[in-house]
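Residue numbers (the UniProt record's numbering): 1 to 203. All residues carry an ideal CB built from backbone N, CA and C; glycine is no exception.
The following block contains the structure:
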């Protein structure tokens with residue numbers, strides 16, 4: 001897309017990036033959302049990977065972002081480091097224009113150059129397979145609860161990176177720190193948006 005810039009995030013971007021994230025996920029999976037608070041928490045986490053995370057800027061406006069963090073697969077007694085990201089998001093008015101794909105392409109290339117071997121995510125099963133992600137049952141990797149489902153996917157940055165890895169996936173504890181009361185308090189920093197119960201939401 002012409003004029004699209006994929007770049008590292010700066011502190012001056014924080015509010016606009018969080019507000020963009022809120023608009024991207026609001027009422028998508030459930031009434032309201034907590035992904036903008038997750039972005040806020042991730043930046044302060046020791047598991048956050050700032051050097052891989054990026055925002056998308058178009059005509060001086062933040063329209064997308066991708067946020068990486070450390071994760072691992074526990075294979076018996078062996079702990080294998082992997083990447084995860086989330087959220088990856090694009091403001092609704094700018095979706096379906098290739099911005100999410102551009103964020104993925106740039107950051108996967110950067111991850112490869114930095115020596116990372118694989119990515120595991122929880123994401124939209126209708127989107128990520130178009131970008132080379134496969135369900136983790138094909139790799140012999142499960143969630144920490146020992147489960148597999150369509151939204152649990154992996155990407156081999158290095159070919160066959162997961163061939164010898166079989167075990168359970170663990171992401172940063174920050175993903176479990178989304179306290180509802182704190183999300184509500186944090187949300188008051190942004191313009192009001194009505195929570196709605198809509199068809200197709202997960203909960």
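Host beta strand (DSSP E) of residue 219 (start-end): Beyond the ends of the chain as shown, which are 1 and 203, falls residue 219; an answer cannot be given.
Beta-carbon separation (whole angstroms), residue 64 vs residue 103, contact threshold 8 Å: By one-based count along the chain shown, residue 64 stands at place 64. By one-based count along the chain shown, residue 103 stands at place 103. Confirmed, Cβ separation roughly 6 Å.
Rounded separation between residue 155 and residue 194 - CA only: Here residue 155 refers to the residue found at position 155 of the chain shown. Here residue 194 refers to the residue found at position 194 of the chain shown. For residue 155 and residue 194, the distance between alpha carbons rounds to 36 Å.
Whole runs of the beta strand (DSSP E) within the segment 83–154, excluding any shorter than 3 residues: 118–122 and 141–143
Alpha carbon of residue 37 to alpha carbon of residue 161, nearest angstrom: Counted from its first residue, the chain shown places residue 37 at position 37. Counted from its first residue, the chain shown places residue 161 at position 161. Each residue's Cα considered, the two are about 32 Å apart.
Paired residues, beta bridge with residue 59 - DSSP: Residue mapping note: residue 59 aligns to position 59 of the chain shown, counting from 1. For residue 59, which the question treats as bridged, DSSP gives no partner whatsoever.
Run of the alpha helix (DSSP H) containing residue 14, from where it starts to where it stops: Along the chain shown, one-based indexing puts residue 14 at 14. Looking at the DSSP string, the run of the alpha helix (DSSP H) that includes residue 14 is 14–25.
Buried versus exposed, by CB contacts within 10 Å (16 or more), residue 26: Position 26 of the chain shown holds residue 26. It counts as buried.
Residue range of the beta strand (DSSP E) that includes residue 43: Along the chain shown, one-based indexing puts residue 43 at 43. That residue, residue 43, is in no beta strand (DSSP E); its alpha helix (DSSP H) goes 35–43.
Residues near residue 129 by beta carbon distance below 6 Å, same chain, minus five either side: The sequence position of residue 129 within the chain shown is 129, counting from 1. For residue 129, where only same-chain residues beyond five positions count, there are no Cβ hits under 6 Å.
Inter-residue CB distance, residue 168 and residue 134 (contact presumed, cutoff 8 Å): Within the chain shown, the letter at position 168 stands for residue 168. Within the chain shown, the letter at position 134 stands for residue 134. Going by Cβ atoms, the distance from residue 168 to residue 134 rounds to 18 Å, so no, they are not a contact pair.
Member of 165, 22, 174 and 111 whose CA lies at the smallest distance from the CA of residue 51: Along the chain shown, read from residue 1 onward, the residue named residue 51 stands at position 51. Considering only alpha carbons, the answer is 111.
Neighbour-count burial assignment, residue 54, 16 or more Cβ in a 10 Å radius: Residue numbering aside, residue 54 sits at position 54 when the chain shown is read from its first letter. Answer is buried; the Cβ neighbour count reaches 16.
Residue 169: first and last residue of the uninterrupted beta strand (DSSP E) it sits in: As a working mapping, residue 169 is identified with position 169 in the chain shown. Counting along the chain, the beta strand (DSSP E) containing residue 169 begins and ends at 167–171.
8 Å contact criterion, which residue 99 and residue 68 should meet: CB distance rounded: Taking the chain shown and counting its residues from 1, one reaches residue 99 at position 99. Taking the chain shown and counting its residues from 1, one reaches residue 68 at position 68. Residue 99 to residue 68, Cβ: 17 Å. No contact.
Where residue 164 sits in the DSSP three-state scheme: The residue you call residue 164 lines up with position 164 of the chain shown. It is coil, neither helix nor strand.
Residue 7, enclosing beta strand (DSSP E) - first and last residue: Position 7 of the chain shown, counted from the start, is the residue given in the question as residue 7. Start and end: 4–7.
Nearest to residue 158 (by Cα), restricted to the options 201, 77, 109 and 70: Looking up residue 158 in the chain shown gives position 158. Ranking the options by Cα distance to residue 158, first place goes to 109.
Exposure label - residue 200; buried when at least 16 CB within 10 Å: Mapped onto the chain shown, residue 200 falls at position 200. Exposed is the call here.
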